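For the sequence shown, position 116 (counting from the first letter as 1) is numbered 157 according to the numbering used here, and the numbering increases by one without interruption.
One structure is given below, encoded as structure tokens.
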Amino acid sequence: MGVRDHFRVRLFAGLGGAGLFLLLMVLYRVGSELEVLNQWTTYSLWRIQKPLYKLDLEWPKFPEFIGQPYCVAVDHIQGLVYVGQRGNDDVPKVLVYSEEGYLVQKWNTTTIEMPHGIFALSTPNASSVWITDVGNGKYGHSVKQYSPSGELLQVIGTPGTAGSGTYPLQFDQPAEVFVESTGNIYIVDGDGGLNNRLLKLTKDFRALWLRGESGTAPTQFRIPHSVTVDSVGRVWVADRANWRIQVFEKSTGEWLGSWDSCFMEDGPYSVRFTPNQQYIIVAHLNINRISILAAPPVGLIGDCIVVDTIQLAGEVKPHLLDVSMSTGAIYVAELGAEQVQKYVPLD
């Protein structure tokens, strides 16, 4: 036995059971932190390499944006891109494009007043489009489900009535909706109205849990603007005016943590995952930027790490975005430029 090994034996023998346990815990903690640090260091190294996305200059083939696009959603199974836009009565509230860039359809429905958020639910058996309406007329303050052709199927909330009730359900300027394949529904409510909350509903619109009120503390919101759910059961909310993202456990609504270090210049307006769940894509309206963040592993929120950014032109104002789960392309609805742009991943 060498001198160093002999010293180790004497050290562990002298610690006793409690001391040995404490030492092992410290070593485990250091090892775990080094592992996480190594992961984040890897992301930092990636940050200075080549960009992850490039603009697709050929999408769409023939732009038909005569209104102001507020939101965009991708049906990756059908290969369709839905664009919600606002404007005069003659402006179609929804434009439908193919992922290749061709205009497929226009919705001239009168049941949408002011679309804010849009979500495309697509399964092998069925597809539908969900829209949040922040209008003040008889169809506003509600979340609506449509068929792919624009037929109104269901309405959540009390149309035309702003409120905070859960029975019956009421909303005030609901910002965005996310629907799981199981039928569970997540809604962030609202976009500057009475409410600052996150709701989880069953497919028959029964409230499972609710989190949030106006404020800056954990679980409180100031304009919860976007919501998404990852593959390991975490709900991510863009807490826009608090300049942070908050994370919740989807089954119980338990608060898991928040990120704010990535949002020193502007709050997050939109939050989506890439198909491989490796990155989180975030839009910043006021600084005309898209941020690509490192998605944390299971059970760890940790600190926010920016892996890459896409700097858009001045006054483009990216509002909400979506990511194709088949191609990985990012589609960005831009208020200032009054268009939707597509960014494709680089190999």
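The beta carbon of each residue, even a glycine, is placed where N, CA and C say it ideally should be.
Here the structure is a predicted model, which is why all the values come from computation and not from measurement.
query, result
"Which of helix, strand or coil DSSP assigns to L64", "With a pLDDT of only 40 at L64, under the threshold of 50, the placement of this residue in the model should not be trusted; the figure read from the coordinates follows. Residue state, collapsed to three classes: helix."
"8 angstroms contact criterion, which A248 and L235 should meet: CB distance rounded", "At roughly 17 angstroms, the Cβ-Cβ gap does not stay under 8 angstroms, so A248 and L235 are not in contact."
"Rounded separation between S73 and D344 - CA only", "Because S73 carries a pLDDT of 41, less than 50, the predicted location of this residue cannot be relied on, and no value is offered for it."
"Own chain partners of T152 with C-beta closer than 6 angstroms, once the 5 adjacent residues on each side are dropped", "Y180, L193"
"contact_flag[the region 287 to 295, the region 246 to 265] where n(CB pairs < 8 angstroms) is 3 or more", "yes"
"The region 319 to 328 / the region 169 to 189 touching (three or more Cβ pairs under 8 angstroms)", "no"
"Nearest neighbour of S188, chosen from W296, P209, S163, P338 [CA to CA]", "S163"
"Cutoff 6 angstroms; reference S183; Cβ partners in own chain excluding five residues on either side", "D174, V196, G198, P200"
"With 16 other Cβ atoms within 10 Å as the buried cut-off, status of A216", "buried"
"Rounded straight-line distance, which links the Cα of F246 to that of W171", "14 angstroms"
"Residue environment, Y94, which counts as buried when at least 16 other CB atoms sit within 10 Å", "buried"
"Presumed contact (8 angstroms Cβ cut-off) between L341 and K358, rounded CB distance", "With a Cβ gap of about 33 angstroms, L341 and K358 do not count as contacting."
"Option in T269, G233, S272 with minimal Cα separation from E254", "G233"
"Cα-Cα separation between N129 and Q90, rounded to whole angstroms", "45 angstroms"
"Reference W384; option with closest CA among V124, R285, I331, V288", "Note on identity: in this sequence residue 384 is Tyr, with Trp being the wrong assignment. Of the candidates V124, R285, I331, V288, the one whose C-alpha sits nearest the C-alpha of Y384 is I331."
"Beta-carbon contacts of E306 that lie in its chain and below 6 angstroms, excluding the five residues immediately before and after", "I328"
"First and last residue of the uninterrupted beta strand (DSSP E) at T257", "No beta strand (DSSP E) contains T257, which DSSP labels as neither H nor E."
"Under 9 angstroms between C-beta atoms of I159 and V124", "yes"
"Start and end residues, beta strand (DSSP E) containing W148", "144 to 148"
"Unbroken stretches of the beta strand (DSSP E), 3 residues or longer, contained in the region 203 to 267", "215 to 220, 226 to 230, 238 to 242, 248 to 252"
"Close beta carbons around G274, own chain, < 6 angstroms, minus the five adjacent residues each side", "K291"
"Distance CB(Y372)-CB(L387) smaller than 9 angstroms", "no"
"Alpha carbon of W296 to alpha carbon of V122, nearest angstrom", "33 angstroms"
"Host beta strand (DSSP E) of E375 (start-end)", "371 to 375"
"Euclidean distance between Cα positions of A203 and G231", "10 angstroms"
"Inter-residue spacing [alpha-carbon to alpha-carbon] between S299 and V347", "15 angstroms"
"For Y123: DSSP bridge partner residues", "A114, V137"
"Proximity below 9 angstroms, CB of Y208 to CB of F219", "no"
"Beta-carbon proximity of Q146 to S190, cut-off 9 angstroms", "yes"
"Outcome for F314 when other beta-carbon atoms lying within 10 angstroms are tallied against a minimum of 16", "buried"
"Top-ranked residue by Cα proximity to S367, from G256, Y138, P316", "P316"
"Backbone CA spacing between W148 and P165 [nearest angstrom]", "24 angstroms"
"Residues of its chain near P337, where Cβ-Cβ distance is below 8 angstroms and the 5 sequence neighbours each way are ignored", "G343"
"Neighbourhood of V312 by C-beta, 8 angstroms cutoff - its chain only, sequence neighbours within 5 removed", "S267, V268, T269, W277, V278, A279, I286, I321, I322, V323"
"Beta-carbon gap between Q261 and N283 smaller than 9 angstroms", "yes"
"Close beta carbons around L334, own chain, < 7 angstroms, minus the five adjacent residues each side", "C303, Y320, I321, V323, C345, I346, V347, V348"
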